[in-house]
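Protein chains in written order, with my numbering: chain A, 1 to 469; chain B, 1001 to 1250.
C-beta atoms are modelled at their ideal positions from N, C-alpha and C, and glycine is treated no differently.
Take a look at the structure below.
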């Protein structure tokens, strides 16, 4: 029998027992809806995460460190290429070389140091980081109280909320509600902090000139690497309080106080890399433990990353992180898919039941069809078509239902988020592939459910079937 | 009235041959010998009546000839096909193209219109829709039901339903028409109308007709040969002089 005839007969048969077949189709719809709801939640969460990462500016940023930096992010690279001791130094020359690469928009050193900050004569120890002016577009600054730095060299400081709480002595106990960022900002904005830091000064001694102990000072390279460390103070004006944490991905190294980049560079703060490089003997130029490279277009990130690797540095970008993230989401999808499919599995039993009932009811009809020339295959295909039609119709309704459930939950959750002063989010997404997949899956599950009834109908003895009243 | 093309088998050749045909059923521990060693020959274009009391095995014999059932032993050869040796698929094709069947209880599908019932075998034969429509119209016109083609079987009288069943049996232009008590559910006048149509098909198209009936008068009126069965065995096989359409012996 041809497909259009088969479809027509199947739909006619389904219409004959409208209530029963509708109930079975509703069962499939609920199954598909649960599958769609689960998977669209997974997709929505993934998209939300990607959106966050994209907005954080991390998608177009490559973090570069020297292989001499033993905390390098990709240990695999150490197996090839020079050993860390022989590797290239990440200095100003290297920075400029990277800046000249194609598709690079900005290269800036990662200045990060721990320091003491005095506020109202009380010392507070914290990690400080420098930010370029381009960081203003980072979504962490969206809900900031106050303003961003006026210039790249301003003696201004932005505090993260947790540090502001510490300054005001308002650090909440575990589980206690956090104070509102606006409440924290009011007494702090415009106030001054005193930063005490270790400055790397010019060489205090000129060993080559003194002609001292040869064992220590004869080597001119070592002499050039020597410098003095001076304790300095700088008064800074608090201009902004951040609600969010722009460095949340950095873990324990994340800073809670931020300075303008050029200003921070001018301070020549002593950093860990300086100590390490003194053993190597350098030319007195500043050495960076890591630098950040911003790429004009996120799609070019791989090419730039490869070029930097060829220069002998270790690189890390969010692309690497997103690869692991994709693995995590694949597992999440599998789990959500399995749970979502359970309802569909139950619905498939409904299909078997409905079709077996249909065989009993239409026993005589099957006998008539066989008597007038229907083959076993024709009868089998007819029952398959009925199962498939229920699957497709159930699938379409189920996708609509799943989408509606998603919208309702999204709406409800956003009302809750709003009541908690959290900006609304779209964490529910039904992409086109999911629509196609859900309908296709319902169709396949229905066909599988139709296997047994269709086989049973095809095997009916026509003589027995014709006797059936 | 539209006429069907002639059925291909030449008159006089053997259309059906059974040899020691048996169909036994097991009922608990008892063996029911529904057909028990029947050997017969039916020639192309013949109108044969299978007669016997209830349980004599005439319907079982007809089911074996129709390819709806398989013999326990012996053979039944129709148009040079040994039905016992055909696969299920081949038997379905045989029923579709060689045999047309008419039943006592009409056996129309109630959810379909008369026209859809009639064209159903053409769907199994994968005939195009436009051709199906014209063939169904033609068949219904032949049995005088053209005006009722869009009605459901339940809206038709018994005679009309049997005429629709006859149109369905003829739609694939079979060489063999098998009728199982075709007038059993009809009043005598309507029964004769149906039988006149069957005779017309037999005479005009040369279609071989095997009719199961327990009404001897009906067999004597239409059949050229009467075969009597009792307890599954062939007990008598005699020629008959049917009465012509005009009421005279043919």
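Kindly indicate if chain A contains any beta-carbon less than 9 angstroms away from that of residue i.
i, result
"residue 1135 (chain B)", "no"
"residue 1207 (chain B)", "no"
"residue 1069 (chain B)", "yes"
"residue 1063 (chain B)", "yes"
"residue 1121 (chain B)", "yes"
"residue 1194 (chain B)", "no"
"residue 1142 (chain B)", "no"
"residue 1216 (chain B)", "no"
"residue 1004 (chain B)", "Reliability fails at residue 1004 (chain B), whose pLDDT of 43 lies under 50, so the model's placement of it is uncertain and the value that follows must be treated cautiously. With 9 angstroms as the cut-off, residue 1004 (chain B) does not count as an interface residue toward chain A."
Quick one: grab the DSSP three-state call for residue i.
i, result
"residue 40 (chain A)", "helix"
"residue 1153 (chain B)", "helix"
"residue 1061 (chain B)", "helix"
"residue 377 (chain A)", "helix"
"residue 1101 (chain B)", "strand"
"residue 140 (chain A)", "helix"
"residue 245 (chain A)", "coil"
"residue 1177 (chain B)", "strand"
"residue 260 (chain A)", "strand"
"residue 1172 (chain B)", "coil"
"residue 1195 (chain B)", "helix"
"residue 187 (chain A)", "helix"
"residue 198 (chain A)", "strand"
"residue 123 (chain A)", "strand"
Apply the 10 Å Cβ neighbour rule to residue i and answer buried if 16 or more other Cβ atoms are within range, or exposed otherwise.
i, result
"residue 1085 (chain B)", "exposed"
"residue 335 (chain A)", "exposed"
"residue 432 (chain A)", "exposed"
"residue 186 (chain A)", "exposed"
"residue 436 (chain A)", "exposed"
"residue 340 (chain A)", "buried"
"residue 145 (chain A)", "buried"
"residue 1 (chain A)", "buried"
"residue 1025 (chain B)", "exposed"
"residue 1013 (chain B)", "exposed"
"residue 184 (chain A)", "buried"
"residue 1187 (chain B)", "exposed"
"residue 110 (chain A)", "buried"
"residue 72 (chain A)", "In this predicted model, residue 72 (chain A) has a pLDDT of only 47, less than 50, meaning its place in the structure is not dependable; the value taken from the coordinates is given anyway. Classification for residue 72 (chain A): buried."
"residue 395 (chain A)", "buried"
"residue 326 (chain A)", "exposed"
"residue 1063 (chain B)", "buried"
"residue 1020 (chain B)", "exposed"
"residue 5 (chain A)", "buried"
Do residue i and residue j have their C-beta atoms closer together than 9 angstroms?
i, j, result
"residue 373 (chain A)", "residue 1095 (chain B)", "yes"
"residue 370 (chain A)", "residue 1179 (chain B)", "no"
"residue 37 (chain A)", "residue 402 (chain A)", "yes"
"residue 60 (chain A)", "residue 306 (chain A)", "no"
"residue 1216 (chain B)", "residue 1243 (chain B)", "no"
"residue 1177 (chain B)", "residue 1210 (chain B)", "yes"
"residue 354 (chain A)", "residue 62 (chain A)", "no"
"residue 48 (chain A)", "residue 143 (chain A)", "no"
"residue 24 (chain A)", "residue 388 (chain A)", "no"
"residue 158 (chain A)", "residue 131 (chain A)", "yes"
"residue 1164 (chain B)", "residue 1108 (chain B)", "yes"
"residue 1081 (chain B)", "residue 1115 (chain B)", "no"
"residue 1172 (chain B)", "residue 1121 (chain B)", "yes"
"residue 308 (chain A)", "residue 64 (chain A)", "yes"
"residue 1015 (chain B)", "residue 1208 (chain B)", "yes"
"residue 312 (chain A)", "residue 67 (chain A)", "yes"
"residue 137 (chain A)", "residue 428 (chain A)", "no"
Counting only beta-carbon atoms, is residue i nearer than 9 angstroms to chain B?
i, result
"residue 364 (chain A)", "yes"
"residue 463 (chain A)", "yes"
"residue 5 (chain A)", "yes"
"residue 12 (chain A)", "yes"
"residue 16 (chain A)", "yes"
"residue 360 (chain A)", "no"
Whose Cβ in chain E lies nearer than 8 angstroms to the Cβ of residue i?
i, result
"residue 1101 (chain B)", "Looking at the structure shown, chain E is missing, and the protein chains on hand are A and B."
At a CB distance below 9 angstroms, what residues from the segment 367 to 392 of chain A approach chain B? Give them in sequence order. Those residues of the segment 367 to 392 of chain A that come within reach of chain B (Cβ to Cβ, closer than 9 angstroms) are 367, 368, 369, 370, 371, 372, 373, 374, 375, 376, 377 and 378.
To be precise: take each residue of the segment 1086 to 1097 of chain B, compare its Cβ to all Cβ atoms of chain A, and keep it if any distance is under 8 angstroms. Which residues remain?
1088, 1089, 1092, 1093, 1095, 1096 and 1097
Give the residues from the segment 340 to 357 of chain A that approach chain B closer than 9 angstroms (Cβ to any Cβ), ordered along the chain. Listed in sequence order: no entries.
**OP:** Could you name the residues of the segment 1022 to 1038 of chain B whose beta carbon sits closer than 7 angstroms to any beta carbon of chain A, in the order they occur along the chain?
**Re:** none
What residues in the segment 1141 to 1168 of chain B have a beta carbon less than 7 angstroms from any beta carbon of chain A? 1168
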